[in-house]
Structure formats: structure tokens, C-alpha cells
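Okay, structure first, notes after.
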């Protein structure tokens, strides 16, 4: 999809004309007017509709599938099951997408084995959606059910260290010192268990794929995914296609939160049916089917903190286990954060998995950090009370100036202290009386809590294209997705500033495998990765245009070196010599070229990464009001102070933090996928009974961006998509304790836990 | 979702006549369509009653007659309702969302089906959905289930907010059916699950609700609808309290109290109401009534907290009603 900013008036005064400005997102009008199309909305001639039949059991075998009634419905084209499915590739590696954890990826309709409740067991394809849905309800499946095992608590003893580590996920560091001995002799101790319930991502847009069979036999695929290249590679691997036979697009994402990182089974099924029927097919998941793949695993954690009486940590132990499927070892970073945040001489961090009969869990906004930082930041609050120290003072006393989990490497930048200072000032922390139950507002108890947030700052190998045409228009893009974060907007800002053009002269294209390859949009790495690639491509274009300009007859830039060139107001000028300049349009027209184009790569800076560790940080301050008698909690005020490098667009950046905080409120108070362990099934699989915050739950949220200079990439950005959620749940838990004197260690804090 | 016939009725008689096995009347459809999408309801025929002339709200004797097709929004924002039956208005506005209230009808609200997870999930057993198949909510995920009037067949709750107020207001349901017209006192409209949990109400097959009658207004000052739930809006009640009081000085003259989210029907306890009457309107009195009500409660594996929560909510609700400070709908702070 392409996006061009609406005409706006700006005066170009220097390099950062648009970067750093609170511009509205340029895809906003398309989204609010309904012009923006999502994967399940693209039409094609002769489009057929697939409807998935989901397994009623969590474990066992399919004994028989009776599809006769479904096949007899007029308009039904085909009922595909494991018994009649077309052949595909069979090696695991063909099914392993770019984000797959170690293991043997799930294959829909592969055989008669059932590995999780809600597993697809048949696809009914019909001429229209209503027929497909009706016929799907007539497919009768007979199972031989076995007793599923999904109760992590009961299976604690089966935890194991994953033999193959997941790429990009740091396993816990080796312990240092002797945490257990130091804990045993510490004068102040806290040792408790913590957990956060299983959560499902539940983006507004359900997962959907539309596979269009083109006249030349190639495929155009619209897929709900956070990176089209991943889907293209998956389809190529599974169906034996060459990359140029399958083009994948996804112009917009109606929310992902990580659920769209991996190609999901509806994509496989839509392509399977399209090949089998030789016609275009769309498959859209129902809301309850959104509980049949990926989730944030519940991490059962234990933390032991030992400290001197002055609060100095002498022992830190953080142990965590969480579930994974029988077929893949999903891994996330849960315990390392404790070692990153706090300086301590005796540290042990452990992490294990337990096989449960569910689909493979997956990355969900700040995977691992949401659970792990909740635990350590709640435990630190408990330690503050045990030692009788202000929770901020305790954190500053144990402040890590280097990353002990990486052998003591320094941080590239870390302005967390300023987050505490500025956040506390804005929040009014100094007025807090530390004693629990000491603050009231009428009938309600008032609680103020604080916690730290931390997330990795990452950059991934990305490419981007920039094309300048003689009409003065610049087009940039790559295959990554704008997952709602504002990527279209910030890339346009970067491109406009790099070549000194107005926003509305720049068109940004994303989410199309015909564009240069970029990774999935996740991990908060897109601004750094795609932003740098776009900047480099634009610089390259600028340099080419500059060379053309210098070669013109009577060029005003004659004998000027490129490092003195200044791009502003659609012109190339000379630093310190305002009289000399030439417009980009004139140069291209005079040179007689139809375009100037460049594709550039950007990737992590190896020298920087060897010298430094890179994280974003936050200090989250929360006020809750609790009706003590009735256990009702309101989060009346949040101040989130963020240190995340340079902020490209304060408006879209603030929205990222607001969204993260709201999701954190959900984690703390509401979100919980309820597993009935007797049948291994999530029972509240609809948005009426799986609660996420609504407007009424949200009061004031104040976001502060603390100045932070970082050199990991030329833009100085560190990523913002995830840091807003991290720490929020702990700050709420701590505020609830301050209000009520009740320490809730197992989220969500529902009313029953406060009575 | 199954295929179905669709007919549109022009008169109540036509609607009743069109009814047969597997038929369902449809008005707002805010619950029925959901249930059809989940394959919980598979009607062979939908009888569209939205064109029937049943959407009026009219004075009726000393009370008010609310047509079965008056939308929840229309009722909630009716001046007479606001003035004379603010308890009803508040209960309606505590439920669903503005969009749903614009579509949902009064009659349909009475016929809402339970939100029990198992009832909604055709992959599981459910005596209400498939009689005799079993009740996995017992011993399963039953945090939201009933504490009063359960049976070994079913522990589901009735989900409506509006009906809790109607129970406290002692409304009467006017119905029309193959056998003619009749009136059903609100307390007798919904039923307990017993050994027939598949039957939610005492409507006979083919009977259609035509109106809900409210008796003369008694609680325009001293009332509240207090709803406790897992988030501050757009969630079904864990426990809700509809309270209406007539005070004589600082004594309770009349008390009507109904609880939502705790039983298969709006839950009333006449003994507790009698206990309140004639007593001073104090916390002590309210606690005595609350204790009496919850003494009949029976917890399931995960919903024992509801007993304590109900007790506390009853006391607070009665305090709000007595003080004339009903629970605000815009401010989520509990008064």
C-alpha cells in the first residue's frame, strides 16, 4: 500500500524539519474513512470462501470425519481433511518461518493426531461465506480423546532446559557468586512466587488470508501478518513455489501485538484450497478461533532477594518456568531482566519449559518482560517495605551502571535515573506517605506505586528503496509492515528530511514482497531498522543527484564536496553559502534522467554491539483508588517516563506508550484466558468474557520522554512499541498494596483477590 | 450458523401463527444472532417481529406500559421512566453498550440467555443446550456462576441488568399466544434450572411478550442499581443489586431488593424484604438482611467469593438507596 501525506505547510529550516515533530499519522484518514483494506477484505473474481472446523478435544486422534452432509449442501466446493488433503512439503524446515522457535512446526490437516483444542480438522470451501459456514457446522468428527495435560502448576516437576535455544533469545546467564548462601545470611529477605495469567493477543482484526490465483498461475496473497516476507518464504517452502510465483501483501494490520509474527494456519489452508480448486480463496478465523494459536504463556516464577539493612542487594534469585507445546520449544526472556536492572554480587537466574497440550505460545508485546519484570519489580517493592526504604531509593541504591548479564558491558545509553526524577516530579511522589492504607479519598483507599520497565533495543538487517522522479516526488519503502505503530508516518518524515522535501512530496510503500526485504515488524526494531535503511537509501539518492548537479553546465555546486551539501526546501544548497543552490527537479530534468533510485541495506552496528548493550527503560508511576469493602480498583493516574533514545514523532510515540500502558492495565487487572484443565480448552474465548480495558477503565495517562542520546544507529532511535507495557502491571500491583496492604502476586487482580 | 427461513409478521396474531417447532422470534437480535453464530441456536425459522406496533411507552393506570419492542435506549431515556422509575433507567444504562442498547428490545432483554462459557461452546456438554449431556461448569470454570437456586443440572446465571430492576419494581409481563393473552408477574416469569435447565422462562411455546407493565412508582428517591463486575463498563455482573426503599422518617416502610449475577433468575428474598420493613434504615439492619439472604447461598468450586461480595453489595446498595444517593453511571467510583 502507498501513503502520501496530505498537503501541509511547513517551513524547511534544517535537517530535522519533520523528524521530531508531533505529526498526525498519514494513514489516519484512510483508516477512519474505511478506505484502508485489510487482508480479509480484498476481493477477486470467483473468490471462494473457506470455513475452518476446529477440534473439540485437546488431545487424541480423529477416528472418523463424516463430511457427507456438508458436501451435499449446494454451493459447497470441497471439504478438505487430513484424509484427502493435497500433498505439500514434508520436512520441518519447509514449515519453519523466520520467527519459528526450535521444533517441528504445526501443520494443519497433516494427520489424525490432535495436539491442542481448537486445532483445525477440516476446511469447508464454498461459493459463498454463508454456505461455507453452514456446511462447516454439519461436518461430524468422531474423536478418540485422551486426557490432556495443561495444568502447569501440577507439572512443575517436569520442567526442562530447552536443548535448542531460540534464535535471538538470550538464555539466562551463568550464575555468579553464591545466591543461595548470600540469601541465607542476608538480614533482609523476600522470597515469593509470582505469575501472570495466560493472555491472548486478540487484535481487533481476526487473522485472515485471501489467496488470489492470477491468470498467469501466480499467486497474490493478502495475509494478516506483521511481515509479508515471512509469509512469502513460508508459502514458497511449504508449497514448493519460487518467490516470484507468490507475492504477499499486507498494507494494514488491525492490531498484531505479536500474533501476526508467524504465518498462521489460515494462510496454509487458503493456499492449499486455492491450489486444489484452482481458484481464489479467502479464509478468515472466527473470534473463538483466535484462541487456537499463540498466547502469552503463564510464567510461574519465584524470586528470592536478600539485602543488607540499608537495602543493598546481596542475593538475587529469579526462577521461571512456562508452558510450551509438544511440538515446539517456544522461548522468551523472562528472568534476565532482574540481572540487567540491578547490581548484585550473588545472582542466579534460571528458566525452564514444560510441555503442555496447547498450541505453541508466542511473542506477545514485550514477550517475557511483561511477566519477568512484573515479578522482579513487585519483589523489589516488597523488599522496599521489608527494609523500610522508599521504593525509588531502593532502586537507585542498586542501580546497574553496566549489564552484568553480558559480562559487565556498559549500556550504550541509560537515562533511567532521569525517568525516576522526572516521573516522580510530575506524579508528585514526594507527597506519598509510605505506610499502606495511609492515604484515602472519601470511601476509597488511595495507593501510589512505582516500577521500572526495561526492554531490549534491537536493530535488524533491513533494506529499503528510494526513488526520486523529475516531478519532484520521492517514493520510499520496503516489505515491513506498519502494524499500527506509525511506520508509514515516521519513514515519510525521515525521507522528507533526508532529501529536504515536504511531507506531501513523499510516498511511502510498505507490506509488499515486491519491495526490498525487511524483517517482520516486532521487537520494537522497525523504527531503527527500516528508518535507517530508508535514510541511507535517500542519502544515496541525494548523493547521485548531487553528482548530477555538479556535472551540469554552470553548476552552482561546481567544486563543492558532498559533505557540504545541504538538502532543504526541495533544493541542494551549500553549507555556509546560501547563495548557491539548485532544485532537485531542475537537476533531474536538466540531466535528462527519468529517475534516480537506490536500494540500501542497514543492519546492526557490529562495533557498537561489541562495546555496548542496548535497552530502553521507563519509570512507571501509578495511582489506584480502591473501594475497600467491594474490592473495586480504579487506575486513576499513570505517569510513564520513558528513556528510549530519540523520539521521531512525539505524537505517534505517545500513542505507543498510551497503548502499552492500557494493555498493562489489562494484564494487571483483567486479562486471563481460563483453561479448563479437564478438557484442555480455553473457556472464555470471546471478547465478552475475556476482558480487556474499556474506556471507562482508563483515566489520566501522562507520558514523558526523557532526553537520551544513543549511538547504536545514525537516527539515535531505540524503539517504543513495547516499553510502554513493561513495568505497568508491577506499578499497579505495588499501588494496590500501598492502598490496601494486600499483596497480590498472581495476576490479574480481580475482585475476589481483594475481598 | 445454519440456513433458516425468514418471515416478517405484520401483526401479533400473525407472529403467533407463524410460530412452530424450531422457530424463533427476532427483534434486536443482539443475543440471538450471536447464539446462531456459535451454533447454540439453530432456528429453522426466524419470525421478524420488528414491524409490530409494540414500541410505545404509555401511561397505564397509575403505572407505565412499556411495549415489548421499545428499545433499551428508548426506555432508559424516556422522561417518565427517568422521573418515576430511575431504578429501571439506571439498570438499563449499567448494561451493554450504547450501540447494543439502541438495538436491543425490552422483550428480548427478558429472554437473554446465560453467558455460561459451556453453554456457548458446542464442543462441550451443557444441559441447557443439550439436555442430559451434563454440566461441566460444575467443578469447572464457574467463577461467574450462580450461588442461589442452582441444581445438579445447571448452575448458570441470568445475565440481564434490566430484569433485576424489573424484579425489584414488581413489573408484570403481558404476553400473547396461541391460547390468548395473559399476564405473568415478574417473579414468575423466569424460572430456576431444576431438572429442566433448557427452559429459561415460563412462557409457553409460541407465546410472545407484548408489553411490560410497571406498577405505580414507589421508589423515585430511594433506589440504586449497584453493579459489580470485572471491569468498569461493558461486562456482565458478578453481583448486582437493585434496591428500592420507601422510608418513613428514618425507618424503612417498604423494601424491594433483587440481585443479579447470582442465580438463574433475578433473585429476590421476601423474608429479607420483610425483615427490613419497619426497621431503622441503618447499616445494622441492612447487614441483617444481607446475612439472611446469603445464608441460602451455595458456592461452587471457584465462585465462593460471590457470597461475600453479594453480602457487601447488598449492604452498600441499601445504604445508597436509603441515603438517596444512587450509584452514578458516569462516575465509576462507588458511592
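Residue numbers (the numbering used here), protein chains in the order written: chain A, 41 to 795; chain B, 626 to 960.
Glycine is no exception: its CB is placed at the ideal position from the N, C-alpha and C atoms.
So that I know if they touch, is there some Cβ in chain A lying closer than 9 Å to that of residue i?
| i | result |
| --- | --- |
| residue 714/B | no |
| residue 662/B | yes |
| residue 918/B | no |
| residue 860/B | yes |
| residue 628/B | yes |
| residue 728/B | no |
| residue 950/B | no |
| residue 796/B | no |
| residue 761/B | yes |
| residue 748/B | yes |
| residue 787/B | no |
| residue 960/B | yes |
| residue 682/B | no |
| residue 631/B | no |
Is there at least one Cβ from chain B nearer than 9 Å to residue i's Cβ?
| i | result |
| --- | --- |
| residue 477/A | no |
| residue 482/A | yes |
| residue 782/A | no |
| residue 718/A | yes |
| residue 180/A | no |
| residue 710/A | yes |
| residue 735/A | yes |
| residue 324/A | no |
| residue 339/A | no |
| residue 101/A | no |
| residue 366/A | no |
| residue 792/A | yes |
Which partner residues of residue i appear in the DSSP bridge assignment?
| i | result |
| --- | --- |
| residue 653/A | 451/A |
| residue 685/B | 688/B |
| residue 677/A | 663/A, 740/A |
| residue 517/A | 505/A, 549/A |
| residue 216/A | 387/A |
| residue 722/A | 715/A |
| residue 892/B | 884/B |
| residue 183/A | 102/A |
| residue 658/A | 493/A, 682/A |
| residue 120/A | 163/A |
| residue 358/A | 343/A, 389/A |
Do residue j and residue i have their beta-carbon atoms positioned less than 9 Å apart in this structure?
| i | j | result |
| --- | --- | --- |
| residue 663/A | residue 453/A | no |
| residue 834/B | residue 800/B | yes |
| residue 444/A | residue 434/A | no |
| residue 785/B | residue 885/B | yes |
| residue 99/A | residue 160/A | no |
| residue 764/A | residue 671/A | no |
| residue 517/A | residue 550/A | yes |
| residue 872/B | residue 947/B | yes |
| residue 897/B | residue 691/B | no |
| residue 628/A | residue 237/A | no |
| residue 808/B | residue 734/A | no |
Considering only heavy atoms of the ligand GTP, does any lie closer than 8 Å to the CB of residue i?
| i | result |
| --- | --- |
| residue 472/A | Looking for the ligand GTP in the displayed structure turns up nothing, as the structure carries no ligands at all. |
### Query
Listed from N- to C-terminal order along the chain, which residues in the region 929–941 of chain B have their beta-carbon within a distance smaller than 7 Å of any beta-carbon of chain A?
930, 933, 934, 937, 938, 941
### Query
Which full runs of the beta strand (DSSP E) of 3+ residues lie inside the region 780–858 of chain B, going along the chain?
797–802, 805–810, 833–839, 848–853
### Contact list for the region 642–675 of chain A against chain B, Cβ threshold 8 Å
Among the residues of the region 642–675 of chain A, those with a Cβ less than 8 Å away from any Cβ of chain B are 665, 667, 669, 670, 671, 672, 674, in the order of the chain.
### Query
What are the residues of the region 846–873 of chain B that lie near chain A, defined by any Cβ-Cβ distance shorter than 7 Å?
853, 855, 856, 857, 858, 859, 860, 863
### Task
Jot down the residue ranges of each uninterrupted alpha helix (DSSP H) in the region 49–88 of chain A, minimum 4 residues, whole runs only, in chain order.
68–73
### Message
Just to confirm the assignment: which complete alpha helix (DSSP H) runs, minimum length 4, are found wholly within the region 553–638 of chain A?
### Response
Correct list: 566–590, 624–631.
### Query
Of all the residues that make up the region 110–133 of chain A, which are near chain B by a beta-carbon distance shorter than 9 Å?
113
#### Entry: Against chain B: residues of the region 484–516 of chain A by CB proximity under 9 Å
484
### Query
Mind listing which residues of the region 376–398 of chain A have their C-beta closer than 9 Å to chain B's C-betas, in chain order?
none
### Cβ-based contacts, 7 Å cut-off: residues of the region 212–245 of chain A near chain B
So the list is empty, because no residue satisfies the distance condition.
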